[in-house]
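The structure appears right after this line, and notes come after that.
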Amino acid sequence: ATASRSSLKIGLIPADGIGREVIPAARQAIEALGSSIPKPEFIDLDAGFEYFQKHGKALPEETLQKLKNECDCAMFGLSNLHSSPSTKVAGYSSPIVALRKAMDLYANIRPVVGVSASGKPSVDLVVVRENTECLHLTIIHKSNVLSITDGLFRESVRAVAKEWPDITIAEQLVDSAVYKLFREPNVFDVMVAPNLYGDILSDAAAALVGSLGVVPSINAGDDFVIGEPVHGSAPDIAGQHKANPVASIRSAAMMLRHLGYGDAASRIEKAVDTVLVEGHVLTPDLGGKATTEQVTQAILKLI
Ligand code: ATP
Ligand code: MG
């Protein structure tokens, strides 16, 4: 499906918070690729908490229809603003959760890679997080249900693994996995986890590579892909030009690779890695003083 495209229609859903700052950075990185990918056409789409406050809906039907009918892929900015219990707002639910379900984006793939001047990364693992189901509702009723749901997940992974005899499967309970992740991150290569554990593990792994602001993801299904930085809307730094654009830019690269544009993705990733290793132009989360725009520009120049 890749070679035949004359243009690449990319839905942009910055949504809330720093999504408005980091999604434009990803757009610029894609534009900087020039003719190495089909001409990108960007389609601005609404969703999010601010949209909900004005219109009573977090994910408008128009956004969903345009994604399904007009877009080849999309980039999404925020996740979960105001959906934590302490800030729960009646009627609001996370639009990315709804999108993952509506478009059957069942796999959330979150690579966590540290960069180093030697080229040998301190951490290099992928969390593959189940994306559309999470815990079954019955779990809150009986404590022993956890073994049934997680047992099903384990059996399902093992059943699929039988078809891939070259892949070695190991198992680790989630609590000891977090412990091991901090003591010996190198023992892990690919971690396959249900929704909740995958979320926790990838945030924990992000701490090992310096910041949530550098960890990308894609939400992938059979028919569509949405790039989405792992971090949330970071209300504490929104609007201050402090947001690290790297997670968003790397998510754009992952999205392009998923669509078959691996060389273009590598160009973006190499530019990002160079800026990180050189360490002159970094946002405050990585100990630097540069703004979102300055980091983006440094990356664009190398692309
Ligand atoms: P949400 O409910 O939307 O997830 P949150 O308050 O949990 O919001 P996160 O976005 O998950 O915030 O971020 C957690 C912490 O990491 C915050 O302190 C935030 O400032 C920081 N952070 C997240 N993303 C970035 C980024 N791109 N650049 C710099 N710091 C970031
Ligand atoms: Mg968060």
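Using full-length UniProt numbering, the letters of the sequence shown correspond one by one to residues 8 to 310.
Heads up, the beta-carbon is just placed ideally off N, CA and C, and yes, glycines get one too.
Here the structure is a predicted model, which is why all the values come from computation and not from measurement.
Straight-line CA distance for residue i to residue j?
{"i": "Arg12", "j": "Pro45", "result": "6 Å"}
{"i": "residue 4", "j": "Leu203", "result": "Outside the displayed span of the chain (8 to 310) sits residue 4, for which this structure offers no information."}
{"i": "Ala250", "j": "Glu170", "result": "42 Å"}
{"i": "Leu132", "j": "Val197", "result": "6 Å"}
{"i": "Arg264", "j": "Gly239", "result": "23 Å"}
{"i": "Asp270", "j": "Met262", "result": "12 Å"}
{"i": "Leu74", "j": "Ile233", "result": "10 Å"}
{"i": "Asp111", "j": "Pro47", "result": "24 Å"}
{"i": "Ala8", "j": "Tyr186", "result": "Because the pLDDT of Ala8 is 45, which lies under 50, any placement of that residue in the model is unreliable, and the number read from its coordinates should be weighed accordingly. Taking the straight line joining both Cα atoms gives about 42 Å."}
{"i": "Phe59", "j": "Val104", "result": "15 Å"}
{"i": "Leu180", "j": "Ile244", "result": "35 Å"}
{"i": "Ile306", "j": "Val222", "result": "16 Å"}
{"i": "Leu293", "j": "Thr281", "result": "14 Å"}
{"i": "Phe231", "j": "Asp206", "result": "21 Å"}
{"i": "Leu106", "j": "Glu140", "result": "13 Å"}
Quick check on this structure: which residue in the options has the alpha carbon closest to the alpha carbon of residue i?
{"i": "Asp53", "options": "Ala250, Ala32, Ser42, Gly84", "result": "Gly84"}
{"i": "Ala200", "options": "Val284, Leu106, Tyr113, Thr303", "result": "Tyr113"}
{"i": "Ala177", "options": "Val185, Phe189, Arg161", "result": "Arg161"}
{"i": "Val134", "options": "Val181, Val119, Glu140, Ala124", "result": "Val119"}
{"i": "Val253", "options": "Gln301, Gly246, Phe189, Asn193", "result": "Gln301"}
{"i": "Ile174", "options": "Val181, Leu180, Ala166", "result": "Ala166"}
{"i": "Lys61", "options": "Val216, Gly98, Cys78", "result": "Gly98"}
{"i": "Arg34", "options": "Val216, Pro192, Asp157, Ile50", "result": "Ile50"}
{"i": "Arg190", "options": "Ile207, Ser255, Asp206, Ala211", "result": "Ala211"}
{"i": "Pro192", "options": "Cys80, Ile225, Ser224, Ser129", "result": "Ser129"}
{"i": "residue 374", "options": "Glu57, Gly220, Val96, Ser209", "result": "With the chain covering 8 to 310 only, the question about residue 374 has no answer from this structure."}
{"i": "Gln247", "options": "Ile20, Gly18, Val29", "result": "Val29"}
Cβ of residue i versus every heavy atom of the ligand ATP: is any distance shorter than 6 Å?
{"i": "Ile244", "result": "yes"}
{"i": "His238", "result": "yes"}
{"i": "Arg250", "result": "The sequence given here places Ala at residue 250; Arg does not occur at that position. Yes, the Cβ of Ala250 comes within 6 Å of a heavy atom of the ligand ATP."}
{"i": "Ala297", "result": "no"}
{"i": "Leu219", "result": "yes"}
{"i": "Ala241", "result": "yes"}
{"i": "Asp206", "result": "no"}
{"i": "residue 6", "result": "Beyond the ends of the chain as shown, which are 8 and 310, falls residue 6; an answer cannot be given."}
Looking at the structure shown, is residue i part of a helix, part of a strand, or coil, going by DSSP?
{"i": "Ala200", "result": "strand"}
{"i": "His148", "result": "Its pLDDT being 43, under 50, His148 is placed unreliably by the model, and nothing is read from it."}
{"i": "Leu142", "result": "With a pLDDT of only 48 at Leu142, under the threshold of 50, the placement of this residue in the model should not be trusted, and no figure is reported."}
{"i": "Pro118", "result": "strand"}
{"i": "Gly18", "result": "strand"}
{"i": "Asp23", "result": "coil"}
{"i": "Leu132", "result": "strand"}
{"i": "Glu170", "result": "coil"}
{"i": "Glu178", "result": "coil"}
Open item on the list: For a minimum of 3 consecutive residues, which ranges assigned as the beta strand (DSSP E) are wholly contained in the stretch 217-281?
Closed with: 225-227, 232-234
Task: Sequence ranges, beta strand (DSSP E) only - wholly within the stretch 25-99, length at least 3 - done: 46-51, 80-83
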